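The structure appears right after this line, and notes come after that.
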């Protein structure tokens, strides 16, 4: 009779399959297969608790049932209980060392918690056992992409498609990796193939739209070409989305946040209107799916006798620049007598920072797999205000931010651009970094917190053993550190490097590669620099050095052996500038019209050090050249940095202002 169950189950006739299973159990109460299939049937019907109980009964009868362990692991995985899922997958391979699917499932869990190298081993083991395992090739491709092995990842997706020509996710993932390789036109073809298979696969539609924002541009004119293409695709997407049926609403909402216009910020332009369009689209979609989370939460009682409840949502409660600025200083120093802090961690990356962060929260929520459950938890915590330190760099954060989960909702300069979301009320920024007309750059109400707007503590790393040989640098070179992400360097400013080199014969410009030296972004940037150096008849190879990605400790050592920090024009460094200042480096900067172009200038002004703030590209080059050639002046600036840098650290004024703002904003919101 089990054969009949299998036949009904495979054809989707779950009711009949269930009836046959129960008939079997009536006559054979110790039939593990029947209980196992009852579990699978209930899993398909989304009756997860019943599914778990049935499969547990099967395992009580037969503890060595590898398939049952594997399927129980899958149920737990779908419930977000990764530890239990992992335990049962491991048990499955212990019982059956040739269980390819179980190895694949272990790899998926490792991948989901950021252990990409370990996941690769699992997928490779799956393929050793089943060489034509399309899903394992797809999963292997995703892990290879995460560690920067883009060409190998592409091979995996192509192999998966050759095995299974209608493999929707493989086409989609192929498109994603082609974007990383700079092959946008081919990526769009891959996304279109995915959409042929599933026209309502909105994730591919968003991917196609966002792919119009490349990582790097060949010249200034191309920025405007791609910007217009992105706008056209965004309008096309807005006009083509149908939200008439529950299925359409489900598919559209599941895609929100999968691809975000982070790279729009790199173009160096005012993004308010484009972000407003994006924000309206995603909020409209999410409000259709989650109506219960779109209305203002109920009014609160008198605030005089209770601590204000402040929530902080972040994917970066681990070692990351967003943790360093602004998250760490706020979390550690907000007055816990006035405020109860509630933390909501949207990722599963854990390190010592995570443990430090947890200690500062009244309640810390993590490992919530269900998006709707997380929304309900936040609502049930009855928050007065909710802060998103950044919006635009994490899927779950963006999805939550499209809803109304607290009376007051804010974002900040963790990602230095307006969100465009009508659900975000305030943008917490810096008085020293914002231009006078900064309000015009945001859809949110701009709040200029005093000074830099955040509390920063210096890095505690020793540089005693640092030397230039560690990085292949000569002792007699003037080392200009240029360590911002390569995609933030705009092509219209490439000439500054050969212009400096023309005057400083022993100059070395040190860049950090994007993933590795063979990465598309690195290669394209090198091509641009070679062209710029050639136009000034200067030798690129003599003056430019690319280093691989560095650990935080080695990056600090690199700062300590450098002479000058050259800030990026177009997207000014913030955290990197602090780290340069920590090593007493002179910082050359050219502030622009937008907050994200004024980070370093704000930092230098707070130090009372304006000598290296340029007012034009020409002056930027002049300052950089003088620092390179005039050792005495360079030393004077370095000594001034050392004498004044403590002005930047542990600023309580901005914390007090943040606390006062939160109290006033909540009182205004709830009356």
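In my numbering, the protein residues as written are 451 to 1121. Ideal Cβ positions, reconstructed from N, Cα and C, are used throughout, including at glycine. As the structure is a computational prediction, the values presented were derived from the model and not from experiment.
Quick one: measure Cβ to Cβ for residue i and residue j, integer angstroms, because I've assumed they're closer than 8 Å.
{"i": "residue 963", "j": "residue 956", "result": "About 23 Å; that fails the 8 Å criterion."}
{"i": "residue 948", "j": "residue 986", "result": "4 Å"}
{"i": "residue 676", "j": "residue 662", "result": "6 Å"}
{"i": "residue 654", "j": "residue 622", "result": "5 Å"}
{"i": "residue 606", "j": "residue 903", "result": "Not confirmed; about 44 Å, so no contact."}
{"i": "residue 796", "j": "residue 763", "result": "7 Å"}
{"i": "residue 815", "j": "residue 838", "result": "The Cβ separation is near 15 Å, so there is no contact."}
{"i": "residue 1055", "j": "residue 882", "result": "6 Å"}
{"i": "residue 943", "j": "residue 1020", "result": "7 Å"}
{"i": "residue 1025", "j": "residue 809", "result": "About 23 Å; that fails the 8 Å criterion."}
{"i": "residue 532", "j": "residue 563", "result": "7 Å"}
{"i": "residue 855", "j": "residue 828", "result": "5 Å"}
{"i": "residue 441", "j": "residue 911", "result": "One cannot answer for residue 441 here, as it falls past the ends of the chain, which runs 451 to 1121."}
{"i": "residue 833", "j": "residue 792", "result": "6 Å"}
Would you report the Cα separation of residue i and residue j, rounded to the nearest angstrom?
{"i": "residue 612", "j": "residue 604", "result": "12 Å"}
{"i": "residue 1001", "j": "residue 768", "result": "15 Å"}
{"i": "residue 638", "j": "residue 584", "result": "22 Å"}
{"i": "residue 530", "j": "residue 731", "result": "29 Å"}
{"i": "residue 587", "j": "residue 626", "result": "15 Å"}
{"i": "residue 535", "j": "residue 630", "result": "32 Å"}
{"i": "residue 489", "j": "residue 504", "result": "5 Å"}
{"i": "residue 703", "j": "residue 866", "result": "25 Å"}
{"i": "residue 1033", "j": "residue 710", "result": "35 Å"}
{"i": "residue 546", "j": "residue 516", "result": "6 Å"}
{"i": "residue 1072", "j": "residue 1092", "result": "23 Å"}
{"i": "residue 1049", "j": "residue 878", "result": "14 Å"}
{"i": "residue 705", "j": "residue 648", "result": "13 Å"}
{"i": "residue 700", "j": "residue 802", "result": "37 Å"}
{"i": "residue 633", "j": "residue 664", "result": "9 Å"}
{"i": "residue 1119", "j": "residue 780", "result": "22 Å"}
{"i": "residue 804", "j": "residue 1018", "result": "30 Å"}
{"i": "residue 518", "j": "residue 551", "result": "12 Å"}
{"i": "residue 983", "j": "residue 953", "result": "13 Å"}
{"i": "residue 981", "j": "residue 540", "result": "54 Å"}
{"i": "residue 1064", "j": "residue 1031", "result": "18 Å"}
{"i": "residue 1035", "j": "residue 813", "result": "40 Å"}
{"i": "residue 640", "j": "residue 574", "result": "25 Å"}
{"i": "residue 660", "j": "residue 941", "result": "21 Å"}
{"i": "residue 538", "j": "residue 571", "result": "18 Å"}
Within 10 angstroms of the Cβ of residue i, are there 16 or more other Cβ atoms? Answer buried if so, exposed if not.
{"i": "residue 480", "result": "exposed"}
{"i": "residue 927", "result": "buried"}
{"i": "residue 988", "result": "buried"}
{"i": "residue 513", "result": "exposed"}
{"i": "residue 1005", "result": "buried"}
{"i": "residue 548", "result": "exposed"}
{"i": "residue 999", "result": "exposed"}
{"i": "residue 717", "result": "buried"}
{"i": "residue 788", "result": "exposed"}
{"i": "residue 721", "result": "buried"}
{"i": "residue 492", "result": "buried"}
{"i": "residue 1066", "result": "exposed"}
{"i": "residue 591", "result": "buried"}
{"i": "residue 494", "result": "exposed"}
{"i": "residue 671", "result": "exposed"}
{"i": "residue 914", "result": "exposed"}
{"i": "residue 746", "result": "exposed"}
{"i": "residue 581", "result": "exposed"}
At a Cβ threshold of 9 Å, is residue i touching chain B?
{"i": "residue 849", "result": "Note that chain B does not occur in the displayed structure, where there is just one protein chain."}
Among the options, whose alpha-carbon lies nearest the alpha-carbon of residue i?
{"i": "residue 666", "options": "1022, 975, 1007", "result": "975"}
{"i": "residue 1155", "options": "1099, 736, 931", "result": "Coverage of the chain is limited to positions 451 through 1121, which leaves residue 1155 absent and any answer about it impossible."}
{"i": "residue 930", "options": "793, 1076, 828, 978", "result": "1076"}
{"i": "residue 900", "options": "911, 1030, 1053", "result": "1053"}
{"i": "residue 846", "options": "1115, 825, 645", "result": "825"}
{"i": "residue 1061", "options": "1045, 1078, 1039", "result": "1039"}
{"i": "residue 852", "options": "798, 869, 1081, 921", "result": "869"}
{"i": "residue 766", "options": "745, 678, 792, 799", "result": "799"}
{"i": "residue 1122", "options": "855, 609, 1046", "result": "For the chain, the structure presents residues 451 to 1121; residue 1122 sits outside this window and is missing."}
{"i": "residue 1057", "options": "1090, 496, 707", "result": "1090"}
{"i": "residue 1008", "options": "923, 567, 898, 575", "result": "923"}
{"i": "residue 694", "options": "919, 682, 734", "result": "734"}
Item to complete: Go through the region 778-832 residue by residue and report every complete run of the alpha helix (DSSP H) that reaches 4 residues or more, in order.
Response: 778-783, 802-808, 821-830
Item to complete: Mind listing, in chain order, the continuous alpha helix (DSSP H) runs of no fewer than 4 residues lying wholly within the region 547-578?
Response: 550-562
Worksheet item: Fully enclosed by the region 949-1021, which alpha helix (DSSP H) runs are 4 residues long or longer?
Response: 970-985, 990-993, 1002-1010
Discussion item. Extract the residue ranges of the alpha helix (DSSP H) inside the region 604-685, only unbroken runs of 4 or more that lie entirely within it.
Written reply: 618-630, 634-647, 652-660
Practice prompt. At 3 residues or longer, and completely inside the region 1058-1109: list those beta strand (DSSP E) runs for me, N to C.
Written response: none
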